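First residue of the sequence shown: 166, per the working numbering; consecutive thereafter.
Glycine is no exception: its CB is placed at the ideal position from the N, C-alpha and C atoms.
Nothing here was measured: the structure is a model prediction, and the numbers come from that model.
Below is one structure; the comments refer to it alone.
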Amino acid sequence: MAEQDKHGVLPTPAFDKPVKLLIVVAPFYRAIADDLVAGARAEIEAAGGAFDVVEVPGALEIPTAIAMADRQCNFDGYVALGCVIRGETTHYETVCNDSSRAIQLMGLQGLCIGNGILTVENDDQAQVRANPEKMNKGGGAAAAALHLIALSRKWGASKKGVGFKPPSESILVAGDSNGSTTA
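Right, dumping it as C-alpha cells:
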C-alpha cells in the first residue's frame, strides 16, 4: 500500500459562490516557500477559487498579516506557509510554538486558516514536505482552509471578531432578563 493511500483525504469541496483566499508566505527558505505556494495554488485552483499572495519576513509575522487582512480585507480564508528548520538555539521552539498558537487561536475565533508552516529538523525533510509532487503540505494547508470555508458557509455567515472585538454590533447587557441588546 502506498504511503498516501494510508491517509484519509477528503474530496475537494465545491462552492456555489466564489471563494477567495489569501496565501501568506514567509520566504526565508525561498525554494521551499515557492514549492509550498505552488501546491496551495494548485489546490485552490482545483476548487475554482481565487487567491492573492503576500510575503512576510518570517513565520512569526504570518499570524499578524492574517489578522491585519481579516480586519481590513474581505477574504474567505487564509493559507499560512513557511518553513522553520531546527538550528542550534531555542529560537526554533519559539517560532514553531508561537506561530502555531496564534494561528490556532484565530481559527478558534472563526477564521478559516490552513496551517502549512513546516517545522522540520533539516532541509531534506522540508524538501519532501514542500514538493507539490510528494507530500504537498502547501496543497494540504489550502485544502484545510477550503474545507473550513465550506463548513463556515454550511453553518452560516462567518463570524468576525479576532482579538477583543465583540462578535456582533449588538452586545447583551449582563443581567438583562428581557433579551434586549444595546449597540
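Check the Cα spacing between Thr284 and each of Val184, Ala191, Leu276 and Ala211: the tightest is with Ala191. Judged by DSSP secondary structure, Tyr243 falls within the beta strand (DSSP E) whose first and last residues are Gly242 to Ile250. In this structure, the beta-carbon distance from Ala306 to Gly272 does not fall below 9 angstroms. Annotation for Lys182: no beta strand (DSSP E) segment contains it, and DSSP assigns it neither H nor E. Residue environment analysis places Pro222 among the exposed positions, since fewer than 16 neighbouring C-beta atoms fall within 10 angstroms of its C-beta.
Residue pairing by DSSP places Leu283 opposite Cys248 in a beta bridge. Residue pairing by DSSP puts Ala215 in a beta bridge opposite Lys185.
Arg266 and Ala291 have their C-alpha atoms spaced approximately 21 angstroms apart. If you compare the alpha carbons of Phe240, Asp241 and Ala245 with that of Glu226, the shortest gap goes to Ala245.
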